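In our numbering, the protein residues as written are 15 to 261.
We put the beta carbon where it would ideally sit given N, CA and C, even for glycine.
Note that the structure is a prediction, hence the values are computed from the model and not measured.
Scroll down for the structure; my scribbles are underneath it.
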C-alpha cells in the first residue's frame, strides 16, 4: 500500500515548495507561447457604461499537456500587466500547461479609468466574462491588488483552487473568523527586507487560513518576485504542481 499522503490528509503548512526547480525543457516551449491582448468592458455600479480593462492572456502551445488550472495575475501599485510579461511569468505558465490571464487594474497601465465601486464585484465580473473559473482558478496578488483579492477570496474561495498573496494590502479588511474558513491552499510570499510593514501584517492576518504556507525570500524587498524571479517561479511551479496532486 502506498504511504503517499492523500488529498484529504496533505499538510499544506509543511509543503516543500523547494522540491523541484522549473524544468529546463520549458525554455524552448516559452518561445512558442503567443501572448494575446485585449480589453473587456467591466460594467459594475456605479460605472453603468463600463470601464475598459486591458488584459493579456496566453494558452499552452500545441503539444503541451494542458493542466486543469487558470492563473490570474494581478499587480501592485507601481506595476501593470507588462510586469508579468517582462518577468517571464506570462510565458512560463503556458509552457507549464496553464492558462494565464493578467489585467491592468483600474487607473494603471492601459486601464486608464479609475474604479469607485465594489472591488469584489469587479473581480467577479472578470472571472465570469473571461471564463476564468471554467477550470480551477489560482489568483496571484501582490501588494495593492490585495484590495481586490482579499475580499474576493474570502467570499468566493469555493470557485478557486488556490491563492498566492504577496505582501498584500487589506489583509485585515476581512475578519479572522472569515479568513479561518477559507478552504483553499494559500501560499503567502514576502521578502525579509520588506520595509512597508505589509510582510508582517499580511502574514499575521493570513496565517489563520488552514491550508496556508509561508515562504520568506531572503534578501528580497517588498516586490520579492522582482528581486528573485527564479525563486518566485520555482514557488509558483511547485505550488501549482502540488495543487494538481492534492486539491
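Give the single residue among 25, 104, 254 and 59 whose Cα lies nearest to the Cα of residue 75. Distance from the Cα of residue 75 is smallest, within the candidate group 25, 104, 254 and 59, for 104.
Can you have a look at residue 100 and say buried or exposed, based on whether 16 or more other CB atoms are within 10 angstroms of its CB? Exposed: under 16 other Cβ atoms inside 10 Å.
Exercise. Under 9 Å between the Cβ atoms of residue 177 and residue 133?
Worked result: It is not a contact, given that the beta carbons lie outside the stated cut-off.
Q) Using DSSP with H/G/I as helix, E/B as strand and the rest coil, what is residue 245? A) Correct three-state label for residue 245: helix.
inquiry  = Taking the alpha-carbon of residue 261 as reference, which of 69, 200, 229 and 231 has the nearest alpha-carbon?
reply    = Of the candidates 69, 200, 229 and 231, 200 places its Cα closest to the Cα of residue 261.
Problem - Which residues DSSP lists as bridging residue 84, in chain order - result: Paired residue(s): 113 and 151.
message: Using a Cβ-Cβ cutoff of less than 8 Å, which residues in the same chain neighbour residue 257 once the five nearest sequence positions on both sides are dropped?
response: Shown here for residue 257: same chain residues with a beta carbon closer than 8 Å to its own, the five before and five after excluded, namely 83, 150, 152, 175, 176 and 199 in chain order.
Within 9 Å, strictly: CB atoms of residue 219 and residue 32 | Result no, Cβ atoms of residue 219 and residue 32 do not sit closer than 9 Å.
Q | 3-residue-minimum beta strand (DSSP E) runs that sit fully inside the region 28-70, ordered along the chain | A | With a minimum length of 3 residues, the continuous beta strand (DSSP E) runs that stay inside the region 28-70 are 50-56.
Tell whether a beta-carbon distance below 9 Å holds between residue 180 and residue 156. Against a cut-off of 9 Å, the Cβ pair of residue 156 and residue 180 comes out as a contact.
> If you drop the 5 nearest sequence neighbours on each side, which residues of the same chain put their C-beta closer than 8 Å to that of residue 96?
Replying inline: If we look at residue 96 and ignore the five residues flanking it on each side, its Cβ neighbours are 123.
Q. Is it the case that the Cβ atoms of residue 37 and residue 72 are separated by a distance below 9 Å?
A. In this structure, residue 72 does not lie closer than 9 Å to residue 37 by Cβ.
*Can you give me the start and stop residues for the alpha helix (DSSP H) that residue 165 sits inside?*
Per DSSP, residue 165 belongs to the alpha helix (DSSP H) from 160-170.
key: Beta-carbon contacts of residue 27 that lie in its chain and below 8 Å, excluding the five residues immediately before and after   = The residues are 225, 226 and 227.
> For the alpha helix (DSSP H) that residue 136 lies in, which residues bound it at each end?
Replying inline: Looking at the DSSP string, the run of the alpha helix (DSSP H) that includes residue 136 is 133-143.
Given that a residue counts as buried once 16 or more other Cβ atoms are within 10 Å of its Cβ, and exposed if not, what is residue 41?
-> The residue in question, residue 41, is exposed, as its Cβ has fewer than 16 Cβ neighbours within 10 Å.
List the whole-angstrom C-beta distance separating residue 193 from residue 173, where the pair is believed to meet the contact cut-off of C-beta under 8 Å.
Not confirmed; about 17 Å, so no contact.
**Message:** For residue 210 and residue 160, I'd like the C-alpha separation in whole angstroms.
**Reply:** A direct Cα-to-Cα measurement between residue 210 and residue 160 gives close to 14 Å.
**Item:** Sheet register partners of residue 177 (DSSP bridge)
**Value:** DSSP, once it has assigned bridges, lists 153 and 200 as partnering residue 177.
Can you tell me whether DSSP reads residue 205 as helix, strand or coil? Assignment of residue 205 by DSSP, reduced to helix, strand and coil, places it in the strand class.
* To do: My understanding is that residue 43 touches residue 53, with C-beta atoms under 8 Å, so please give their C-beta distance in whole angstroms.
  => Not quite, the Cβ-Cβ distance comes to about 28 Å (not below 8 Å), so this is no contact.
- prompt: Terminal residues of the continuous beta strand (DSSP E) containing residue 229?
  reply: Start and end: 226-231.
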